[in-house]
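Participant:
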Amino acid sequence: MSQALQYQSNGSTAPDHGAVIPDSRGINLFSADPYMGDLLKAYLPPSLYAHVLPYFRELGASAGAELDEAAMVADKNPPVLSTRNRAGEDENRISKHPAYVELERAAYEKYGLAAMSHRAGVLGWDAPMPPAVKYGLSYLFVQAEFGLCCPVSMTDSLARTLRKYGDEKLINDVLPQVSALDFDELKQGAMFMTEQGAGSDVSATETTAEMQDDGSWRLTGDKWFCSNPDAGFAMVLARSESAPGLRGVSLFLLPRDLADGQHNHYQILRLKDKLGTRSMASGEIRLEGAVAFLVGERGRGFQHMADMINNSRLSNGMRAAGLMRRGLTEATFFAQHRRAFGKRLIEMPLMQKQLLKMTVTAEQARSVMFQTATALERADGGDQAAAKLVRILTPLIKFKACRDARKVTGDALEVRGGCGYIEEWVESRLVRDAHLGSIWEGTSNIVALDVVRAMQRNDCLEPLKAHVRHLLDMGKPCRPDLLELQEARLQDVWSLAELVATDNRSDLARQVGSALYNTVAMAAMRWEARFDGLETRSELADLVLQHKLTPWDPCHADSETQFSDGLGQKLFGING
Ligand SMILES: Cc1cc2nc3c(=O)[nH]c(=O)nc-3n(C[C@H](O)[C@H](O)[C@H](O)COP(=O)(O)OP(=O)(O)OC[C@H]3O[C@@H](n4cnc5c(N)ncnc54)[C@H](O)[C@@H]3O)c2cc1C
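If you read the sequence shown in this note's numbering, its first letter stands for residue 4, the second for the next number, and so on.
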C-alpha cells in the first residue's frame with residue numbers, strides 16, 4: 004500500500020468529516036502515522052516486531068481518544084498541594100485529578116513504560132524490552148500526554164542509574180519498588196538537582212549531606228525545581244565533601260517514606276504555576292535533615308547523575324519528536340478535511356509546502372530517536388563505539404529536536420487557523436508543552452556545549468563519522484545529481500566540527516550541533532529508505548541536504564522548488 008493511501012485510509016475511527024470544523028478525535032494515532040509501522044519493522048527483529056505491533060495499534064487508538072481526553076482534562080485541572088491535615092498537623096499531600104491518575108495507570112501499569120527496560124514480563128515479553136520499543140511506545144503515548152512523561156522518564160532513569168551505581172542492598176530493596184507494574188505498589192522516581200543558585204552550574208550546589216555516626220546520611224537545603232515532588236524516591240545532589248565545586252558533590256537516594264512509615268524530613272513548600280506540563284506537579288522542596296542513601300562514590304555525584312540526566316535528555320528528544328508528530332498528524336487531518344475557496348486546504352500548493360517542511364523536521368527527530376535507541380542497546384551490550392555514539396547523539400537530539408518542536412507545534416497550531424489558538428483543541432497545549440523541552444535537563448546552550456564536550460573529552464566525532472558513512476553506504480543511494488553536493492557538505496560538516504572541538508569555539512556550539520544533527524538525520528533517512536514502505540524517506544533526506552545543510556538564496560524564485568516536486572502529493576494523498 005502506498006504511503007499516500009495509508010494517510011487517507013488511515014484506520015481512523017474518526018467520523019468522515021462533512022463537518023465544517025474537522026475534528027480528529029477518535030483517530031488512531033498509530034495507523035494515521037504513515038511511517039511508524041514500517042519504521043518499527045526496520046528497527047526491530049521480526050519476532051519482537053510481530054509481538055509488539057498489537058500494543059502499538061491499541062495504544063494508538065487510546066492515544067487518539069480516551070487518553071487524549073484525559074490529558075485535556077488533566078491539563079485544565081492541575082495538581083493541588085495541601086500542607087496540613089484537618090487536625091492542623093503538618094502533612095504534605097498533592098491531590099491529582101482522576102484524569103491524571105488514569106493516565107498514570109495506563110503509562111506505568113498497562114504499558115509498563117517505566118519498567119520495561121528493567122525487568123522481564125512487560126507486555127508479555129520474556130526479557131527486558133530494547134530501547135527502541137520503549138521509545139517507540141512512549142513516542143505514541145506522548146502524543147496524547149506530555150506532562151506525565153517526565154515522571155515516567157525519571158522513574159525509568161532512576162532505576163537505570165541505581166542499577167549502575169547503587170550498592171547491592173539498595174538495588175535489591177529499591178529496584179522492585181520503582182519497576183513494579185502494579186500501580187498501587189509502584190514507587191515513582193524524581194530528580195532534585197536544581198537550586199536557586201545552582202541551575203546550569205551544578206558546581207554551585209549548596210545543599211549539604213552529613214554522615215551520621217551510624218553511617219547514614221542527612222540532607223539539608225532548598226531544591227528549587229522538583230518535578231514529581233511526592234515521588235517515592237528521588238535522586239538528589241548534595242555537598243558531602245569539603246572539596247570545592249563539583250568534586251564536593253555526591254549523589255543520594257532520598258526515600259519519601261522512612262522505615263517506620265513516617266514521612267521523611269522534608270517539605271514541599273509550594274507548586275510552580277507553569278506555562279505547560281500543567282497536569283504534572285513541579286514543586287519547591289526544603290530538606291530538613293532528610294534521611295538519604297549514598298549512591299556510588301563520594302565526590303563523584305555529578306558524574307553519576309550525568310547518567311540519569313543523559314537518559315532523561317534522550318527521553319526529552321523522543322518527546323519532542325512525538326509532539327511534532329502529533330502536531331503534524333492534526334495539521335494533515337485538518338488540511339485534508341477543511342475547505343476554503345471551494346477547495347480542500349490540502350489541495351493548495353502553499354499548504355502542501357508548509358506541511359512538507361513540517362514533515363521533514365518532525366521525521367528527522369524520529370530518525371535520530373531510533374538511531375540513538377538502537378545505539379543505546381548496542382552500548383549497553385558492551386559496544387564501545389556505540390557508547391560514544393550515544394554520548395554525542397543524546398545531546399544532539401535533546402538540543403535540536405526540542406528546539407524544532409517549538410516551531411513545528413506552532414506551525415501546526417496555525418494550520419488549524421483560529422481554532423488552533425483555542426484551548427479546546429490540542430495544539431495550544433502542544434505549543435505550551437514544547438517550550439519546556441529546551442529548558443529542563445539543560446537549556447539549549449548548555450546541551451549544545453555538551454556536544455562540543457563529547458567531541459573534546461570523549462572523542463565522539465570519529466565514531467559519529469564512521470556511523471554516518473555506514474548508514475550512507477548501507478542505505479538507498481543518493482540521487483546521482485545530488486551525490487557531489489552530499490559529499491561536499493559532509494566534508495564541510497566534519498571540518499566545522501573539528502575546528503570547534505580543536506579551537507574550543509564554544510560560540511559555535513549551536514551551529515555545529517545543528518549541522519551534526521542534520522547530517523545524522525539525513526544519513527539515517529537514507530538507511531531507512533531501503534526498507535519497504537519507507538522509500539520516500541530518501542526524498543526527505545534530499546530536502547535535509549538541500550535546505551538544512553546547504554545555503555540557499557532567499558531571494559531566488561527557484562530556491563525552494565524541491566518542496567513542490569511532488570513529494571507532498573505522494574505523502575498527503577492529493578490527486579492530480
Ligand atoms: C517545569 C520545570 C520543571 C523542572 N523540573 C526539574 C526537576 O525535576 N529537577 C531538577 O533538578 N530541575 C528541574 N528543572 C530545572 C531546570 O533543569 C533548570 O531550570 C535548567 O537547568 C536551567 O537552570 P536555571 O533555571 O537555573 O537557569 P540558568 O542556569 O540561570 O540559565 C539561564 C540562561 O543562561 C544560559 N547559560 C548558562 N550557562 C551558560 C553558558 N556556559 N554559556 C551560555 N549560556 C549559558 C542558559 O542557557 C539559560 O538560557 C525544572 C525546570 C522547569 C521549568
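A virtual CB, placed ideally from N, CA and C, is assigned to each residue, including glycine. Bear in mind the structure is a predicted one, so any value in this text is a computation, not a measurement.
To the nearest angstrom, report how far apart residue 197 and residue 315 are at their CA atoms.
Facilitator: If I take the Cα positions, the gap works out to 15 angstroms.
Participant: Go ahead and pull the three-state DSSP assignment for residue 561.
Facilitator: Coil, per DSSP.
Participant: Does at least one heavy atom of ligand 1 sit under 7 angstroms from the Cβ of residue 161?
Facilitator: Answer for residue 161: no, Cβ out of range of ligand 1.
Participant: Which word fits residue 1, buried or exposed, when buried means at least 16 other C-beta atoms lie within 10 angstroms of its C-beta?
Facilitator: The structure shown does not extend to residue 1, since the chain is modelled only from 4 through 579, so no value can be given for it.
Participant: By the three-class DSSP mapping on this structure, what secondary structure does residue 536 have?
Facilitator: Residue 536: coil per DSSP, three-state reduction.
Participant: Using DSSP with H/G/I as helix, E/B as strand and the rest coil, what is residue 8?
Facilitator: Because the pLDDT of residue 8 is 34, which lies under 50, any placement of that residue in the model is unreliable, and the question is left without a value.
Participant: With distances taken from CA atoms, which of 407, 119 and 382 is nearest residue 395?
Facilitator: Among 407, 119 and 382, the Cα nearest to that of residue 395 belongs to 382.
Participant: At which residues does the alpha helix (DSSP H) containing residue 410 begin and terminate?
Facilitator: It spans 387–418 - the alpha helix (DSSP H) in which residue 410 sits, taken as one unbroken run.
Participant: Of all the options 542, 540 and 461, which has the alpha carbon lying nearest to the alpha carbon of residue 505?
Facilitator: That would be 461, whose Cα lies nearest to the Cα of residue 505.
Participant: Where does residue 262 sit, in a helix, a strand or coil, going by DSSP?
Facilitator: Here residue 262 sits in coil by DSSP.
Participant: When burial is assigned at 16 or more other CB atoms within 10 Å of the CB, is residue 78 buried or exposed?
Facilitator: Residue 78 comes out buried.
Participant: Please tell me whether, using a cut-off of 7 angstroms, the distance from the CB of residue 229 to the nearest non-hydrogen atom of ligand 1 is below it.
Facilitator: Residue 229 Cβ: within cutoff of ligand 1.
Participant: Can you have a look at residue 120 and say buried or exposed, based on whether 16 or more other CB atoms are within 10 angstroms of its CB?
Facilitator: By the 10 Å Cβ count, residue 120 comes out buried.
Participant: Using 10 angstroms around the beta-carbon of residue 517, count the other beta-carbons present and answer buried if the total reaches 16, otherwise exposed.
Facilitator: Buried, since its Cβ has 16 or more Cβ neighbours within 10 Å.
Participant: For residue 437, collect the residues of the same chain with a Cβ closer than 6 angstroms to its Cβ; drop the 5 residues on either side in sequence, then sort them by chain order.
Facilitator: Closer than 6 angstroms at the Cβ level, and outside the excluded window around residue 437, lie 326, 408, 409 and 412.
Participant: Could you tell me if the beta carbon of residue 397 falls within a distance shorter than 7 angstroms of some heavy atom in ligand 1?
Facilitator: The answer is no for residue 397.
Participant: Decide if residue 96 is buried, meaning its Cβ has at least 16 other Cβ atoms within 10 Å, or exposed.
Facilitator: Classification for residue 96: exposed.
Participant: Looking at the secondary structure, which residues open and close the alpha helix (DSSP H) in which residue 457 lies?
Facilitator: That run of the alpha helix (DSSP H) goes 447–459.
Participant: Tell me whether residue 193 counts as near ligand 1, meaning its Cβ is closer than 7 angstroms to at least one heavy atom of that ligand.
Facilitator: Because some heavy atom of ligand 1 lies under 7 angstroms away, the Cβ of residue 193 counts as near it: yes.
Participant: Specify, as a first and last residue, the run of the alpha helix (DSSP H) that residue 152 falls within.
Facilitator: 152–168 is the span of the alpha helix (DSSP H), which, as asked, contains residue 152.
Participant: Can you grab the Cα-Cα spacing for the pair residue 56 / residue 28, in whole Å?
Facilitator: If you take the alpha carbons of residue 56 and residue 28, they lie about 22 angstroms apart.
Participant: Cα-Cα, which of 118, 251, 392 and 546 is closest to residue 130?
Facilitator: With distances taken between Cα atoms, residue 130 lies closest to 118.
Participant: Drop a sphere of 10 angstroms on the beta-carbon of residue 319, count the other beta-carbons inside from all chains shown, and report buried for 16 or more, exposed for fewer.
Facilitator: Buried, since its Cβ has 16 or more Cβ neighbours within 10 Å.
Participant: With which residues is residue 192 paired in a DSSP beta bridge?
Facilitator: DSSP, once it has assigned bridges, lists 236 as partnering residue 192.
Participant: In or out: residue 46 buried (at least 16 other Cβ within 10 Å) or exposed?
Facilitator: By the neighbour-count rule (16 or more Cβ atoms within 10 Å), residue 46 is buried.
Participant: Taking Cβ positions, are residue 474 and residue 548 nearer each other than 8 angstroms?
Facilitator: Going by C-beta atoms, residue 474 is not nearer than 8 angstroms to residue 548.
Participant: Rounded to whole angstroms, what is the Cα-Cα separation between residue 210 and residue 272?
Facilitator: Each residue's alpha carbon lies about 16 angstroms from the other.
Participant: Does ligand 1 have a heavy atom nearer than 7 angstroms to the CB of residue 517?
Facilitator: No, the Cβ of residue 517 stays beyond 7 angstroms of every heavy atom of ligand 1.
Participant: Taking only three categories from DSSP, how would you classify residue 422?
Facilitator: Residue state, collapsed to three classes: helix.
Participant: Under DSSP, the alpha helix (DSSP H) around residue 74 begins and ends at which residues?
Facilitator: Unbroken alpha helix (DSSP H) run through residue 74: 69–79.
Participant: May I ask you to report which of helix, strand or coil DSSP gives residue 497?
Facilitator: In the structure shown, residue 497 sits in a helix (DSSP, three-state: H, G or I).
Participant: Apply the 10 Å Cβ neighbour rule to residue 23 and answer buried if 16 or more other Cβ atoms are within range, or exposed otherwise.
Facilitator: Under this definition residue 23 is an exposed residue.
Participant: Can you tell me whether residue 443 is buried or exposed, with buried defined as 16 or more other CB within 10 angstroms of its CB?
Facilitator: By the neighbour-count rule (16 or more Cβ atoms within 10 Å), residue 443 is buried.
Participant: My assumption, with CB atoms under 8 angstroms, is that residue 284 sits in contact with residue 274. Please give the rounded CB distance.
Facilitator: Right, the Cβ-Cβ distance comes to about 5 angstroms (below 8 angstroms), so this counts as a contact.
Participant: Kindly indicate which residue of 493, 82, 313 and 114 has the alpha-carbon position closest to the one of residue 63.
Facilitator: Among 493, 82, 313 and 114, the Cα nearest to that of residue 63 belongs to 114.
Participant: How long is the line joining the alpha carbons of residue 323 and residue 431, rounded to whole angstroms?
Facilitator: Approximately 15 angstroms, taken between the alpha carbons.
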